[in-house]
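Student: In our numbering, the protein residues as written are 607 to 714. Just so you know, even glycine gets a beta-carbon here, dropped at the ideal spot from N, CA and C. Next up is a structure, given as structure tokens.
Below, the structure written as structure tokens:
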């Protein structure tokens, strides 16, 4: 069975598409296959929106709040990962598996 391993078609996330296949050999082309019924293309979600950070004071809790992404990529958001960026642009994980749109953390 033939398989596409990349997405050269640039489908929009969660877009409904119909696909047909034609076999080709040195003599010619076959008739097209029956239409693949309503494939849905899944992709990564877009970024969370409107991130707000309360004042950060070393050793004190601060609060992050955000809105869900504009698109979930066709599959529900399971959770969020919260990172901070160091001076050298390295991202350091603070917490994985955050379920809410608000998160409290502290910096030591």
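Ignore the nearest five residues each way along the sequence and tell me which others in residue 670's own chain have a CB closer than 6 Å to its CB.
Tutor: Taken in chain order, the residues that qualify are 659 and 709.
Student: Spell out the partners DSSP gives residue 655 in its beta bridges.
Tutor: Beta-bridge pairing links residue 655 to 673.
Student: Taking just the CA atoms, how far does residue 639 sit from residue 650?
Tutor: Each residue's Cα considered, the two are about 30 Å apart.
Student: In three-state terms, what does DSSP make of residue 700?
Tutor: In the structure shown, residue 700 sits in a strand (DSSP, three-state: E or B).
Student: Looking at the structure shown, is residue 611 part of a helix, part of a strand, or coil, going by DSSP?
Tutor: With a pLDDT of only 48 at residue 611, under the threshold of 50, the placement of this residue in the model should not be trusted; the figure read from the coordinates follows. Looking at residue 611 - three-state DSSP - the assignment turns out to be coil, as it is neither helix nor strand.
Student: Which same chain residues, not among the five before or five after residue 683, have their C-beta less than 8 Å away from its C-beta?
Tutor: Excluding positions up to five away in sequence, the list reads 651, 674 and 675.
Student: Within 10 angstroms of the Cβ of residue 702, are there 16 or more other Cβ atoms? Answer buried if so, exposed if not.
Tutor: Burial call: exposed.
Student: According to DSSP, what are the bridge partners of residue 635?
Tutor: Answer by DSSP bridge pairing, in chain order: 630.
Student: At the level of alpha carbons, what is the spacing between residue 648 and residue 654?
Tutor: Between residue 648 and residue 654, the C-alpha separation is close to 18 Å.
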